[in-house]
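When you line the sequence shown up against my numbering, it's residues 15 to 126, in that order.
Read the structure below first, then the notes.
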Amino acid sequence: MASSTNDVRRTVRERPVVVVGRPGCCLALVAQHLLLRQGVNPAVLEVSYDADPAALIFALRSKDDNTKLITDVAFPLVFIGGRLLGGLDRLIEMHIAEELVPLLRQAGALWV
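Below you can see the structure in the form of structure tokens.
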């Protein structure tokens, strides 16, 4: 069953790491496996096939956030510590730069 915007909002608020993708999205699976290799068990949510990632980000923004709608984003979306990190490209970029593990620790996803 596809997750609603409210499901995503609640999960992002409650879990330190969340991956949001479409059903069967191989890129979401890659993001999940990269995080698992770091010792993190992310929440993985699937949204409907016709879901728009930019609209989802816009709907999840805080009420006082006047940020314009982001249009150059694609699934999967990766949230760490309640904030949007970006997509798989940003996750890999942070991993290569050795910035991912400190961020995961700060979010409470890693204790070591």
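Heads up, the beta-carbon is just placed ideally off N, CA and C, and yes, glycines get one too.
Do you know how far the Cα of residue j is from the Cα of residue i?
| i | j | result |
| --- | --- | --- |
| ILE94 | ASP66 | 20 Å |
| CYS40 | HIS47 | 11 Å |
| TYR63 | ASP103 | 21 Å |
| PRO90 | ALA123 | 19 Å |
| VAL34 | ASN55 | 14 Å |
| LEU118 | PRO30 | 8 Å |
| ARG97 | VAL22 | 12 Å |
| LEU70 | LEU49 | 22 Å |
| LEU43 | PRO116 | 22 Å |
How would you write the range of the beta strand (DSSP E) that residue i sits in, first residue to last?
| i | result |
| --- | --- |
| PHE72 | It is not in any beta strand (DSSP E) - PHE72 instead sits in the alpha helix (DSSP H) that spans 67–74. |
| VAL58 | 57–60 |
Quick check on DSSP: helix, strand or coil for residue i?
| i | result |
| --- | --- |
| ARG29 | coil |
| ALA45 | helix |
| VAL54 | coil |
Starting from residue i and walking both ways along the alpha helix (DSSP H), at which residues does that stretch end?
| i | result |
| --- | --- |
| LEU124 | Here LEU124 belongs to no alpha helix (DSSP H), and DSSP marks it neither H nor E. |
Considering only the alpha carbon of each residue, which of the options lies closest to residue i?
| i | options | result |
| --- | --- | --- |
| VAL92 | GLU28, GLU113 and ALA57 | ALA57 |
| ARG51 | GLN120, LEU114 and ALA121 | LEU114 |
- Entirely enclosed alpha helix (DSSP H) segments - the region 86–116, minimum 4 residues: Within the region 86–116, the complete alpha helix (DSSP H) segments at least 4 residues long are 102–110, listed from N- to C-terminus.
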